[in-house]
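A.B. asks: According to the working numbering, the stretch in the sequence shown is residues 32 to 178, in order. Glycine is no exception: its CB is placed at the ideal position from the N, C-alpha and C atoms. Fair warning: this is a prediction, and the values are worked out from it, not measured in the lab. The structure that follows is given in the form of structure tokens.
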Amino acid sequence: MDLNKVIITGYLANEHSFKEIEKGDKKQKVLNNVVLINGYNDKTTPIKITAWNKYANALNNGTVKGSRVLIEGSWEVNQREVNGQTYYNNYLLVQNVTFLENKETFESKKSKLESEKDPFGNIAAGKGTIYDMPENLGNDDEKDYPF
């Protein structure tokens, strides 16, 4: 029997791609992302990961872009053929995950990412954005120009 065991530590590179898929009468949860591993001489290696069900939930609820994680799993290769050309998809299938940051660091990163999505806090404050403003705020005849 051969051993297919991979253990990596790194940082999540992207927002999660989290989906619920129906297979027959069961709902499956799948999460895809990329873990960046920092190596020697500032070399960074991206590793695609795929997590199913409880590990997908754990990563989706307990991490954000930039979170540091330890991932254990097996190396998988999917092969498909399109127009006579064979394509290979290499990825790490998650079989265990360990969060390497405390909850405070996670919450800090999460709030920072949310503020980057809405830098002026309009959505968080329950206010509309400038894009929600009506096109015509008043009648042109009633405008009071100072010049």
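In the structure shown, what three-state DSSP assignment does residue 82 receive?
C.D. replies: strand
A.B. asks: For residue 105, which residues does DSSP report across the bridge?
C.D. replies: 124
A.B. asks: Give me the Cα-Cα distance between residue 70 and residue 76, rounded to the nearest whole angstrom.
C.D. replies: 7 Å
A.B. asks: In terms of residue numbering, what span does the beta strand (DSSP E) encompassing residue 95 cover?
C.D. replies: That residue, residue 95, is in no beta strand (DSSP E); it is neither H nor E in DSSP.
A.B. asks: Would you list the residues sitting across from residue 112 in a DSSP beta bridge?
C.D. replies: 117
A.B. asks: Any idea what DSSP makes of residue 138, helix, strand or coil?
C.D. replies: helix
A.B. asks: Taking its Cβ as the centre, do 16 or more other Cβ atoms sit within 10 Å of residue 100, making it buried, or is it exposed?
C.D. replies: buried
A.B. asks: Please work out which residues of its chain come closer than 8 Å, Cβ to Cβ, to residue 52, disregarding the five sequence neighbours upstream and downstream, and give them in chain order.
C.D. replies: Non-local C-beta neighbours of residue 52 in its own chain, meaning closer than 8 Å and more than five positions away in sequence, comprise 58, 59, 60, 61, ordered along the chain.
A.B. asks: What does the Cβ neighbour count give for residue 142, buried or exposed, with the cut at 16 atoms within 10 Å?
C.D. replies: With fewer than 16 Cβ atoms within 10 Å of its Cβ, residue 142 is classed as exposed.
A.B. asks: Going by other Cβ atoms of all chains shown within 10 Å of its Cβ, with 16 needed for buried, is residue 115 buried or exposed?
C.D. replies: Exposed, by the Cβ-count rule.
A.B. asks: For the segment 130-137 and the segment 102-118, state whether three or more C-beta atom pairs, one from each stretch, are separated by less than 8 Å.
C.D. replies: no
A.B. asks: Is it right to say residue 118 is buried, meaning 16 or more other beta carbons lie within 10 angstroms of its own, or is it exposed?
C.D. replies: exposed
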